[in-house]
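Okay, structure first, notes after.
2 protein chains.
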Amino acid sequence: MEKRKTIAIDMMGSDLGPVELSKSVIRFINENKDYDVLLFGDSKTLISIFRDIGKSQVTIIESSSVIPMEIKPLEFLRMKDSSMYMGISSIKEGRADAFISAGSTGGIVTGSVSLLRLIEGTTKAGIVTCIPTLKDNPAIVMDIGANNSCLPEDFLSFAKMSKVLAKSIYKIDNPSIYLLSNGTEEGKGNEEVVNAYKLFKEKQVEGFKGNCEARDALDGDHHIIITSGFSGNIFLKSVEGTAKLFSTLLKKGFKKNIFTKIGYLFSKSAVNVVRNQFDYKKYGGAILLGVNGIVIKAHGNSDEKSFYSALKVTKDMIESKLLDKVKEEISNGTDK
Amino acid sequence: MEKRKTIAIDMMGSDLGPVELSKSVIRFINENKDYDVLLFGDSKTLISIFRDIGKSQVTIIESSSVIPMEIKPLEFLRMKDSSMYMGISSIKEGRADAFISAGSTGGIVTGSVSLLRLIEGTTKAGIVTCIPTLKDNPAIVMDIGANNSCLPEDFLSFAKMSKVLAKSIYKIDNPSIYLLSNGTEEGKGNEEVVNAYKLFKEKQVEGFKGNCEARDALDGDHHIIITSGFSGNIFLKSVEGTAKLFSTLLKKGFKKNIFTKIGYLFSKSAVNVVRNQFDYKKYGGAILLGVNGIVIKAHGNSDEKSFYSALKVTKDMIESKLLDKVKEEISNGTDK
Chain A
1 MEKRKTIAID MMGSDLGPVE LSKSVIRFIN ENKDYDVLLF GDSKTLISIF RDIGKSQVTI
61 IESSSVIPME IKPLEFLRMK DSSMYMGISS IKEGRADAFI SAGSTGGIVT GSVSLLRLIE
121 GTTKAGIVTC IPTLKDNPAI VMDIGANNSC LPEDFLSFAK MSKVLAKSIY KIDNPSIYLL
181 SNGTEEGKGN EEVVNAYKLF KEKQVEGFKG NCEARDALDG DHHIIITSGF SGNIFLKSVE
241 GTAKLFSTLL KKGFKKNIFT KIGYLFSKSA VNVVRNQFDY KKYGGAILLG VNGIVIKAHG
301 NSDEKSFYSA LKVTKDMIES KLLDKVKEEI SNGTDK
Chain B
337 MEKRKTIAID MMGSDLGPVE LSKSVIRFIN ENKDYDVLLF GDSKTLISIF RDIGKSQVTI
397 IESSSVIPME IKPLEFLRMK DSSMYMGISS IKEGRADAFI SAGSTGGIVT GSVSLLRLIE
457 GTTKAGIVTC IPTLKDNPAI VMDIGANNSC LPEDFLSFAK MSKVLAKSIY KIDNPSIYLL
517 SNGTEEGKGN EEVVNAYKLF KEKQVEGFKG NCEARDALDG DHHIIITSGF SGNIFLKSVE
577 GTAKLFSTLL KKGFKKNIFT KIGYLFSKSA VNVVRNQFDY KKYGGAILLG VNGIVIKAHG
637 NSDEKSFYSA LKVTKDMIES KLLDKVKEEI SNGTDK
C-alpha cells in the first residue's frame, strides 16, 4: 500500500481568508483520500468549518499569528507561533511532505531558507511558475520574486532546477533555456544578464539558446526563461495585467449593441478558448525551488479554484519526486 | 506666416526598408504642406521613388551606410557618412527641427547624446513611450530602452520630462507618477527603485504616488511610470507580446466552426474595439528625451501606418514646443 501523504497548509495570510481556502482543501481531501492535511491557523474558525468534514484526514493546529508582507529573517525566526513558521517547521520535523501558503512571498522565502536550508550546491532559492503560451506547453519562468538581483551562478542553479521541472512535470525532453533580456543579441541586457550569458556559454549549458525578449517568451518554443525575481515579476505581472485588460475590453465590446450581443452568443466558444488558455487559475501555485522541502506559494488573492490548483501542484511535486530529482541534478555538478 | 518646418528622416536601418517608409513620408508631406523633409539614405533608391513627388518639399542626401544594431560612441562618431550620423547632425547644424529613425536604438541614443549633448541639468537621456490603457489616456513609460540601469537622480529627470509630456501632449493636468516595481509598498523593489523612492519622497515630487506593479499599470489611472530601460523594455514587450498572443488565439477561436464564424460577423465591431485600443501602431514613435533636439525612435519593423504615426508624433513634438518646455522644467530646478 502507498504511504499516506501529508500537506501542511497555511490557512492564514491570504487576501480572501481561511473560509475561501477551506473550500479548496475540502475538495482536495475528498478527491484524494490518501492525503492528510495539517491546517495551521486560527483553530476556532477552522474547527467550526471542519467540524463534520474529513475527520480522519484533517489535523488543525492553533497558530493564529500571521507573518506580515515584509519581514526580515530574524523577525521571522522570532514569530515561532505564526502559521507560516509552524507550517514550514512541520516539513523539517518530518510531519509533512510539503508546505503551501498564500501568504507573504518574502516570508515564505525567508522562512524556508532559514528553516529548511538551501539544497547543497545551490546558491539561491527562487520561485518558479508557468505562463500560458500559444502552444499547449507553458513557459517556465524562474525567478518571479524571491531575489531582486542575482549572480550568474544563481542563474545557473535556476536553469538546472527549471530543467528538472520541465522534464518531470511537463514532459519536455530537451527544453530550450533562455535569459530574459531587452534584446536577443549576446551582450544585450543589464550586467546580471550579460555576465550570466558568458557563464552559460562557458559552461556549455545544454539547451541554452541565448537571450529572449519578453515579446517572444509566450510563443511556446521558449520552454525555460531565467531571470532575477525583480524582472521576472514585472514580466509575469505585465502578462497578467494585459490579459485582464484585453478580457475587460472584449467584454465591454460584446455589450456594445444587439449585434455584438448576438455575435457573442454564437462565438462564445471561441472566446472561451482564449479565456481558458489565459486562465491563470490553472497555474495556481508557484514553486520555491532550492530549499530542502517542497514549498508552494499560492496567489495572495487565491480563490477556491486557484488554491485548489495550487494544491494539485503540491501533489504533483510530491508524487513526481521532483525535489529528489532537483537534488540529484544539482549534486551531479555537471550542467549538461 | 508660419515658418516652414523640416524633419530629418533616416530612411535606412528599418527592417522593412526605405520603400515602405517612403509611403508614410509621401502621405505625410501631402497632408502637411508646411513641412519639408530631409531624407538620408541610398540616394539612387530614394531618387527613383521621389522622382515626381513633392519636389519642393523633399531633399535627398546621399548617406547609404547604416549604423549597426550595437554600436559604441567612438564607432558611431567614426561613421560620419551614415544616415543616422548625418540625420542627427542636421539638427545640430540648424537644418532640421527634428530627427526620426527606425534604426538601432543604441545608435540613436549614443549618436544623439554625443552630437546634441544632454540638456543642462539632466543626468541621462531616456526613451519615453505610451501604452494603451483601459481608459482613453495612455500610460507614459520612461525609460523603455536607453539605459540598462539608472541612478535615483536619473529617475528624477525622467519624471520631470514625462510630466511635461503628459501635460503638453495628453492634457493631463496633474499626472500621477509611479516607480515600476515588484510590489506597491515602500521598500519593495531592487536597489535602484528603493533608492529612487527615497529621493522622490525627500524631494516631495508632485504627483508621486509610490510604487506600481506592472499588473496595475494599464488601468488608466497610472499616468506616468518611471523605470530603467531594462525593466521598462521587459514591461513594454510583455504587454505587446501578450496582446499579440491574445489576438492570435482569438482569431483561431473564431475560425473554430460555422457558429463562431457567424458570431465573428456579428461581433466584429466588438473585437475591433479591442484591436483598436491595443493598436501599437497608433503610438508609432517613442521619444528620446534629455538631449538638445527632437529625436524620435520609430519601431524597427515600422510599416507605413506606424511610421506615419511616428511622423505625426514628430510633428506634435515640434508644434507643442515640447523640448523648450522640457528645458524650462529641468532648468527650473524645482521638481514640484
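Just so you know, the protein sequences line up as chains A and B, in that order.
Residue numbers for the first sequence follow this note's numbering, so the first one is 1 and each next one is one higher.
Residue numbers for the second sequence follow this note's numbering, so the first one is 337 and each next one is one higher.
Quick reminder that beta carbons are idealized off the backbone N, C-alpha and C, glycines included.
Model, not experiment: these values are computed from the prediction.
CB contact below 8 Å: residue i versus chain A
{"i": "Val-500 of chain B", "result": "no"}
{"i": "Asn-531 of chain B", "result": "no"}
{"i": "Leu-516 of chain B", "result": "yes"}
{"i": "Tyr-600 of chain B", "result": "yes"}
{"i": "Met-405 of chain B", "result": "yes"}
{"i": "Lys-672 of chain B", "result": "Since pLDDT at Lys-672 of chain B reaches only 43, below the 50 mark, its modelled position is unreliable, and no value is offered."}
{"i": "Ser-603 of chain B", "result": "yes"}
{"i": "Glu-549 of chain B", "result": "yes"}
{"i": "Thr-596 of chain B", "result": "yes"}
{"i": "Asn-510 of chain B", "result": "no"}
{"i": "Leu-581 of chain B", "result": "yes"}
{"i": "Glu-456 of chain B", "result": "no"}
{"i": "Asn-637 of chain B", "result": "no"}
Exposure of residue i, with buried meaning 16 or more beta-carbon neighbours within 10 Å
{"i": "Gly-94 of chain A", "result": "exposed"}
{"i": "Thr-6 of chain A", "result": "buried"}
{"i": "Gly-621 of chain B", "result": "buried"}
{"i": "Gly-187 of chain A", "result": "exposed"}
{"i": "Ser-24 of chain A", "result": "buried"}
{"i": "Glu-549 of chain B", "result": "buried"}
{"i": "Asn-276 of chain A", "result": "exposed"}
{"i": "Glu-192 of chain A", "result": "buried"}
{"i": "Asp-490 of chain B", "result": "buried"}
{"i": "Ser-667 of chain B", "result": "exposed"}
Reference residue i; option with closest CA among the options
{"i": "Ile-476 of chain B", "options": "B:Ser-512, B:Ile-570, B:Tyr-371, B:Ser-425", "result": "B:Ser-512"}
{"i": "Ile-71 of chain A", "options": "A:Ser-63, A:Lys-44, A:Met-84", "result": "A:Met-84"}
{"i": "Leu-492 of chain B", "options": "B:Phe-435, B:Ser-564, B:Asn-526", "result": "B:Ser-564"}
{"i": "Asp-372 of chain B", "options": "B:Lys-663, B:Thr-650, B:Leu-658", "result": "B:Thr-650"}
{"i": "Ile-708 of chain B", "options": "B:Lys-496, B:Asn-526, B:Gly-589, B:Tyr-600", "result": "Nothing can be reported for residue 708 of chain B: it is not among the residues displayed for chain B, which extend from 337 to 672."}
{"i": "Glu-304 of chain A", "options": "A:Leu-16, A:Ala-8, A:Asp-10, A:Lys-3", "result": "A:Leu-16"}
{"i": "Leu-658 of chain B", "options": "B:Lys-428, B:Tyr-506, B:Gly-481, B:Ile-365", "result": "B:Tyr-506"}
{"i": "Gly-629 of chain B", "options": "B:Met-653, B:Phe-376, B:Ile-365", "result": "B:Met-653"}
{"i": "Leu-218 of chain A", "options": "B:Ala-502, B:Gly-577, B:Arg-414", "result": "B:Gly-577"}
{"i": "Ser-56 of chain A", "options": "A:Lys-44, A:Asp-34, A:Lys-167", "result": "A:Asp-34"}
{"i": "His-559 of chain B", "options": "B:Glu-456, B:Met-478, B:Val-530", "result": "B:Met-478"}
{"i": "Ser-101 of chain A", "options": "A:Asn-233, A:Glu-329, A:Leu-250, A:Ile-9", "result": "A:Ile-9"}
{"i": "Lys-339 of chain B", "options": "B:Met-415, B:Lys-661, B:Glu-655", "result": "B:Glu-655"}
{"i": "Leu-470 of chain B", "options": "A:Thr-248, A:Ile-108, A:Ile-91, A:Gly-207", "result": "A:Thr-248"}
{"i": "Ser-517 of chain B", "options": "A:Leu-199, A:Arg-27, A:Ser-89, A:Asn-148", "result": "A:Asn-148"}
{"i": "Asn-510 of chain B", "options": "B:Asp-557, B:Phe-571, B:Phe-536", "result": "B:Asp-557"}
{"i": "Ser-14 of chain A", "options": "A:Gly-41, A:Asn-257, A:Glu-31", "result": "A:Gly-41"}
{"i": "Gly-126 of chain A", "options": "A:Asp-136, A:Val-109, A:Glu-120", "result": "A:Val-109"}
{"i": "Gly-442 of chain B", "options": "B:Thr-465, B:Ser-399, B:Glu-456, B:Leu-624", "result": "B:Leu-624"}
Any C-beta of chain B under 8 Å from that of residue i
{"i": "Ile-127 of chain A", "result": "no"}
{"i": "Lys-252 of chain A", "result": "yes"}
{"i": "Lys-72 of chain A", "result": "no"}
{"i": "Thr-248 of chain A", "result": "yes"}
{"i": "Asp-216 of chain A", "result": "yes"}
{"i": "Val-273 of chain A", "result": "yes"}
{"i": "Gln-57 of chain A", "result": "no"}
{"i": "Val-239 of chain A", "result": "yes"}
{"i": "Ala-298 of chain A", "result": "no"}
{"i": "Ala-102 of chain A", "result": "no"}
{"i": "Gly-54 of chain A", "result": "no"}
{"i": "Ala-270 of chain A", "result": "yes"}
{"i": "Ile-234 of chain A", "result": "yes"}
{"i": "Ser-231 of chain A", "result": "yes"}
Beta-ladder partner(s) of residue i, from DSSP
{"i": "Ile-7 of chain A", "result": "A:Val-37, A:Ala-98"}
{"i": "Phe-208 of chain A", "result": "A:Ile-177"}
{"i": "Glu-213 of chain A", "result": "A:Ser-181"}
{"i": "Thr-59 of chain A", "result": "A:Leu-38"}
{"i": "Ser-418 of chain B", "result": "B:Ser-401"}
Residue i beta carbon near the ligand ATP (any heavy atom closer than 7 Å)
{"i": "Gly-390 of chain B", "result": "This structure simply doesn't include the ligand ATP, nor any ligand for that matter."}
Problem set entry | Whole runs of the alpha helix (DSSP H) within the region 119-202 of chain A, excluding any shorter than 4 residues | Listed in chain order, the complete alpha helix (DSSP H) runs (minimum 4 residues) inside the region 119-202 of chain A are 152-168, 191-202.
Exercise. Can you give, in chain order, each stretch of the beta strand (DSSP E) that sits fully within the region 279-327 of chain A and has at least 3 residues?
Worked result: The region 279-327 of chain A contains these whole beta strand (DSSP E) runs: 285-289, 294-298.
For this session: Run through the region 551-593 of chain B for me and flag every whole alpha helix (DSSP H) of 4 or more residues, listed as ranges in chain order.
Result: Here the runs fully enclosed are 565-590.
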